[in-house]
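J.: Can you read through this structure? Questions will come right after.
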Amino acid sequence: MTRMTDLRAAGLGLGYEGRTVVTGLDLAVAPGRITAIVGPNACGKSTLLRGLARLLRPAAGTVLLDGADIHRLSTREVAARIGVLPQQPIAPDGISVGDLVARGRHPHQRWLRQWSADDEKAVAAALAATGVADLEHRPVDELSGGQRQRVWIALVLAQETGLLLLDEPTTFLDLAHQLEVLDLLADLNTAGRTVVAVLHDLNMACRYAHEIVAMRDGALLAQGPPAEIVDAALVDKVFGVRARVITDPTTGTPLVLPEPRSRRRS
Amino acid sequence: MDRRAVAVTVAALLVALTALLVSLTRGDYPMPLSDVLTVLAGGDGATRRSAYVVLDLRLPRALGAIAVGTAFGLSGAIVQRVVRNPLASPDIIGINAGAAAVAVFLIVVLAAGPQTVAFGALAGAAATAAAIYLLSRRRGVTGYRLVLVGIGVTAMLTSVTAYLLNTANIYTAEQASIWLTGSLAGRSWSQVLPVVIAVVVLLPVALRLAAPLRALELGDDLALALGVRVERARAALLLTAVALAAVATAAAGPIAFVALAAPQIARRLVRERGLALVSSAAVGAALLSLADLAARRVLAPAELPVGVLTTVLGAPFLVWLLARANRIGRTG
Numbered sequence: 001m002t003r004m005t006d007l008r009a010a011g012l013g014l015g016y017e018g019r020t021v022v023t024g025l026d027l028a029v030a031p032g033r034i035t036a037i038v039g040p041n042a043c044g045k046s047t048l049l050r051g052l053a054r055l056l057r058p059a060a061g062t063v064l065l066d067g068a069d070i071h072r073l074s075t076r077e078v079a080a081r082i083g084v085l086p087q088q089p090i091a092p093d094g095i096s097v098g099d100l101v102a103r104g105r106h107p108h109q110r111w112l113r114q115w116s117a118d119d120e121k122a123v124a125a126a127l128a129a130t131g132v133a134d135l136e137h138r139p140v141d142e143l144s145g146g147q148r149q150r151v152w153i154a155l156v157l158a159q160e161t162g163l164l165l166l167d168e169p170t171t172f173l174d175l176a177h178q179l180e181v182l183d184l185l186a187d188l189n190t191a192g193r194t195v196v197a198v199l200h201d202l203n204m205a206c207r208y209a210h211e212i213v214a215m216r217d218g219a220l221l222a223q224g225p226p227a228e229i230v231d232a233a234l235v236d237k238v239f240g241v242r243a244r245v246i247t248d249p250t251t252g253t254p255l256v257l258p259e260p261r262s263r264r265r266s
Numbered sequence: 001m002d003r004r005a006v007a008v009t010v011a012a013l014l015v016a017l018t019a020l021l022v023s024l025t026r027g028d029y030p031m032p033l034s035d036v037l038t039v040l041a042g043g044d045g046a047t048r049r050s051a052y053v054v055l056d057l058r059l060p061r062a063l064g065a066i067a068v069g070t071a072f073g074l075s076g077a078i079v080q081r082v083v084r085n086p087l088a089s090p091d092i093i094g095i096n097a098g099a100a101a102v103a104v105f106l107i108v109v110l111a112a113g114p115q116t117v118a119f120g121a122l123a124g125a126a127a128t129a130a131a132i133y134l135l136s137r138r139r140g141v142t143g144y145r146l147v148l149v150g151i152g153v154t155a156m157l158t159s160v161t162a163y164l165l166n167t168a169n170i171y172t173a174e175q176a177s178i179w180l181t182g183s184l185a186g187r188s189w190s191q192v193l194p195v196v197i198a199v200v201v202l203l204p205v206a207l208r209l210a211a212p213l214r215a216l217e218l219g220d221d222l223a224l225a226l227g228v229r230v231e232r233a234r235a236a237l238l239l240t241a242v243a244l245a246a247v248a249t250a251a252a253g254p255i256a257f258v259a260l261a262a263p264q265i266a267r268r269l270v271r272e273r274g275l276a277l278v279s280s281a282a283v284g285a286a287l288l289s290l291a292d293l294a295a296r297r298v299l300a301p302a303e304l305p306v307g308v309l310t311t312v313l314g315a316p317f318l319v320w321l322l323a324r325a326n327r328i329g330r331t332g
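Residue numbers (full-length UniProt numbering), protein chains in the order written: chain A, 1 to 266; chain B, 1 to 332.
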């Protein structure tokens, strides 16, 4: 695996066409760990991820990749170090799993050196790591949601970067498929990759992530290991929800039990 | 290119070549193939008359059909891939309408000759393409917006063309409407050579620029994350596609449906592996050479403009494509 990639933001401000979404955010991605970005809808989680991935130019502050301003690096240099899975990538009509994953090799290809043994090896490894090797010749449109998400992750793996940024990789998936994807992320992390994912489900984030980044209204409210930072006060501050936080009997991580309105009234 | 794409390309080129050879033998002055081949080989056995008929009358037209078909096929394939919409093609997103408006203006108002009309059409196509690109540019160009703006611009330009035709006298109006249908009849080397040169130059350029297409198709964010400079790559590809369509339209008029149908046919034959750019170009060449041969010979000695034939065949194909897209629940 490649050396650990260092990614951090300093005084980061992000927005779209004058509309500010993220302001004054400082963050250092923990190398070799899984970081989950959590927060309510429209709090700027995905925007932050896009900013970190160089998909969005900062309105203020900088993103530093291995110490260098990420916007001074070439698109290709960034692509060699950071793999990104956006929220809704497009699968071309009728494309097969193998062909789709092979497109992750784009940053490694040059005009004269099109497809090499290295590419072949990287694609095979990515298919194997995500458990979709036996689907290689199937059309992507025929797969289940969980399988399809694993295929997209395989594409990003084929890119062979030490750092993966994933925007809501479990959204729209049922419970079994969510676990399938999160277990895969844990395996990839064990194999040496740094993972940053925007996650919807706070309990899943607490179970799988080493670091939680909690956001609200475009600002970072807390960052740290789930056991240290996730408590009733934080859940209230981030989501505006009253909840009990107990220790998960299986994993020892915090388990958030939101209180239904009927109980809150009594 | 995988084996299937090579097979489709070779087959399409053979069809185009066959149509070319048949086209060289048929006409008011029929000739056996052996005579035609003698002329082409530059042998002494050929009479001056048959050399004139083959080299100066029939060859520019037949070769023009291949070059124009190649240009439309390749241009359509690029536009459809960049815009991620199988219904997009240079004729639908407004490039042809721009060429047509200027050409009709030149024919009707200024009574210009064919060379001026061709040049004007080229300028009209380029100006329209630039206008559409700039109008649909907001934080980068998305395919959807490009198609919608193109449809709007086409509607405006079509009304200009219709107005010009209404004000014209019968003779120039007929001349203009023949141009509007698209025809290769009576094309000489001076009209055909620019298309041949454009295809020879732009085909390798397009292939060189096409590498990022595989990433671009996955959406802008993923393409950028895979190291593609999205805006630049897309602008360069669209520019190439516009240049091809504009040169072809200038030479032959806005022949309908070839740019739309050729990539679709090629993709179905190749079964969706790879980009099918070269196969689309070859299928375009085959389609237009067959259509032009039919346009010349079906009602011989009378002749149809080739655009009538491509429309008669292409329109049902478009309807089929739309019906199918609706059933699947998406258009791109």
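Ideal Cβ positions, reconstructed from N, Cα and C, are used throughout, including at glycine.
A quick note: this is a predicted structure, and the numbers were derived from the prediction, not measured.
(1) Between the segment 236 to 254 of chain A and the segment 52 to 72 of chain A, can you find at least three pairs of beta-carbon atoms closer than 8 Å?
(2) Extract the residue ranges of the beta strand (DSSP E) inside the segment 184 to 246 of chain A, only unbroken runs of 3 or more that lie entirely within it.
(3) What residue from B:Asp221, B:Ala97, B:Leu239 and B:Arg4 has the CA that sits closest to glycine 150 of chain B's CA?
(4) Would you mind giving the Cβ-Cβ distance between leucine 74 of chain B and alanine 206 of chain B, rounded to the nearest angstrom? I have them listed as a contact below 8 Å.
(5) Less than 8 Å between CB atoms is the rule here; does isoleucine 90 of chain A satisfy it with respect to chain B?
(6) Nearest-angstrom Cα distance between alanine 219 of chain A and cysteine 43 of chain A?
(7) Please state the DSSP three-state secondary structure of proline 316 of chain B.
(8) Rounded to a whole number of angstroms, what is the C-alpha to C-alpha distance between aspartate 2 of chain B and valine 181 of chain A?
(9) Using alpha carbons as the reference points, say which of B:Ala315, B:Leu193 and B:Arg324 lies closest to isoleucine 92 of chain B.
(10) Give the range of the beta strand (DSSP E) segment to which glycine 24 of chain A is assigned.
(11) Just the C-alpha distance for threonine 253 of chain A and valine 38 of chain A, rounded to the nearest angstrom, thanks.
(12) Put proline 32 of chain B into one of helix, strand or coil per three-state DSSP.
(13) May I ask you to list the residues that DSSP assigns as paired with tyrosine 16 of chain A?
(14) Can you find at least 3 beta carbon pairs, one from the segment 74 to 85 of chain A and one from the segment 190 to 202 of chain B, that sit closer than 8 Å?
(15) Would asparagine 189 of chain A and isoleucine 34 of chain A be called neighbours here (beta carbons separated by less than 8 Å)?
(16) My output table needs one value for isoleucine 37 of chain A: the three-state DSSP class, helix, strand or coil.
(17) Mark glycine 94 of chain B as exposed unless 16 or more other C-beta atoms lie within 10 angstroms of its C-beta, in which case mark it buried.
(18) Leaving out five residues on either side along the sequence, give the residues of the same chain with a beta carbon under 6 Å from the beta carbon of alanine 286 of chain B.
(19) On the premise that alanine 122 of chain A lies in contact with arginine 105 of chain A, defined as a C-beta separation below 8 Å, what is that separation, rounded to the nearest angstrom?
(20) By the criterion of Cβ-Cβ separation under 7 Å, what are the contact partners of glycine 227 of chain B in chain A?
(21) When the Cα atoms are used, what is the spatial distance from glycine 27 of chain B to arginine 297 of chain B?
(22) With three or more beta-carbon pairs closer than 8 Å as the criterion, would you say the segment 46 to 57 of chain A touches the segment 19 to 34 of chain A?
(23) Verify the CB distance criterion: does aspartate 2 of chain B have a CB-CB separation below 8 Å to chain A?
(24) Taking the beta carbon of arginine 49 of chain B as the centre, do at least 16 other beta carbons fall within 10 Å, making it buried, or is it exposed?
(25) Could you have a look at arginine 76 of chain A and say whether DSSP puts it in helix, strand or coil?
(26) Between which two residues does the beta strand (DSSP E) containing leucine 163 of chain A stretch?
(27) How about glutamine 147 of chain A: is its C-beta nearer than 8 Å to some C-beta of chain B?
(28) Measure the alpha-carbon distance for threonine 161 of chain A versus leucine 135 of chain A and round it to whole angstroms.
(29) List the residues of chain A whose Cβ lies closer than 8 Å to the Cβ of glycine 219 of chain B, in chain order.
(30) Hey, how far is the Cα of proline 204 of chain B from the Cα of alanine 130 of chain B?
(31) Taking the C-alpha atoms as reference points, what is the distance between proline 260 of chain A and alanine 243 of chain A?
(32) Considering just the uninterrupted stretch of the alpha helix (DSSP H) at leucine 64 of chain A, what are its terminal residues?
(33) Using a Cβ-Cβ distance cut-off of 8 Å, determine whether leucine 48 of chain A contacts chain B.
(34) Could you tell me whether the Cβ atoms of proline 212 of chain B and alanine 223 of chain B are closer together than 8 Å?
(35) Ordered along the chain, which non-local residues of its own chain (more than five positions away) have a Cβ less than 7 Å from that of valine 101 of chain A?
(36) Taking its Cβ as the centre, do 16 or more other Cβ atoms sit within 10 Å of glutamate 228 of chain A, making it buried, or is it exposed?
T.: Result, derived from the coordinates:
(1) As far as the Cβ criterion goes, the segment 52 to 72 of chain A does not touch the segment 236 to 254 of chain A, which means the pair count is below three.
(2) Complete beta strand (DSSP E) runs here, min 3: 194 to 198, 211 to 216 and 219 to 224.
(3) Among B:Asp221, B:Ala97, B:Leu239 and B:Arg4, the Cα nearest to that of glycine 150 of chain B belongs to B:Ala97.
(4) In this structure, leucine 74 of chain B and alanine 206 of chain B form a Cβ contact; the two beta carbons are roughly 6 Å apart against a cut-off of 8 Å.
(5) A Cβ of chain B is located within less than 8 Å of the beta carbon of isoleucine 90 of chain A.
(6) Cα-Cα distance, rounded: 8 Å.
(7) Annotated three-state conformation of proline 316 of chain B is helix, per DSSP.
(8) If you draw a straight line from the Cα of aspartate 2 of chain B to the Cα of valine 181 of chain A, it is about 33 Å long.
(9) When only C-alpha atoms are compared, the closest one is B:Ala315.
(10) Glycine 24 of chain A -> beta strand (DSSP E) spans 19 to 28.
(11) Between threonine 253 of chain A and valine 38 of chain A, the C-alpha separation is close to 16 Å.
(12) Coil, per DSSP.
(13) DSSP lists A:Arg19 as partners of tyrosine 16 of chain A.
(14) Contact between the segment 74 to 85 of chain A and the segment 190 to 202 of chain B is absent, because fewer than three Cβ pairs lie under 8 Å.
(15) With contacts defined by Cβ atoms closer than 8 Å, asparagine 189 of chain A and isoleucine 34 of chain A form a contacting pair.
(16) When secondary structure is reduced to three states using DSSP, isoleucine 37 of chain A falls in the strand class.
(17) Buried.
(18) For alanine 286 of chain B, where only same-chain residues beyond five positions count, the Cβ hits under 6 Å are Ala12, Val15 and Ala16.
(19) Yes, arginine 105 of chain A and alanine 122 of chain A are in contact; Cβ-Cβ is about 6 Å, under 8 Å.
(20) Chain A residues near glycine 227 of chain B: Thr75, Arg76, Ala79, His106 and Pro107.
(21) About 8 Å.
(22) Result yes; three or more Cβ-Cβ pairs closer than 8 Å.
(23) Not flagged as an interface residue toward chain A: aspartate 2 of chain B, since no C-beta distance is shorter than 8 Å.
(24) Exposed, because fewer than 16 other Cβ atoms sit within 10 Å of the Cβ of arginine 49 of chain B.
(25) Here arginine 76 of chain A carries a helix assignment [DSSP, helix/strand/coil].
(26) From DSSP, the beta strand (DSSP E) with leucine 163 of chain A extends over 163 to 167.
(27) No, because no Cβ of chain B sits closer than 8 Å to the Cβ of glutamine 147 of chain A.
(28) Cα to Cα, threonine 161 of chain A sits roughly 23 Å from leucine 135 of chain A.
(29) Neighbours of glycine 219 of chain B on chain A, chain order: Pro86, Gln88, Pro89 and Ile90.
(30) One alpha carbon belongs to proline 204 of chain B, the other to alanine 130 of chain B, and they sit about 23 Å apart.
(31) Distance between the alpha carbons of proline 260 of chain A and alanine 243 of chain A: 9 Å.
(32) Leucine 64 of chain A -> not in any alpha helix (DSSP H); beta strand (DSSP E) instead, spanning 60 to 65.
(33) Answer no: the Cβ-Cβ gap between leucine 48 of chain A and chain B never drops below 8 Å.
(34) If you check the CB distance, proline 212 of chain B and alanine 223 of chain B come in under 8 Å.
(35) Contacts found: Val123, Ala126, Leu127, Val151, Ala154, Leu155 and Ala158.
(36) Within a 10 Å sphere around the beta-carbon of glutamate 228 of chain A sit fewer than 16 other beta-carbons, which makes this residue exposed.
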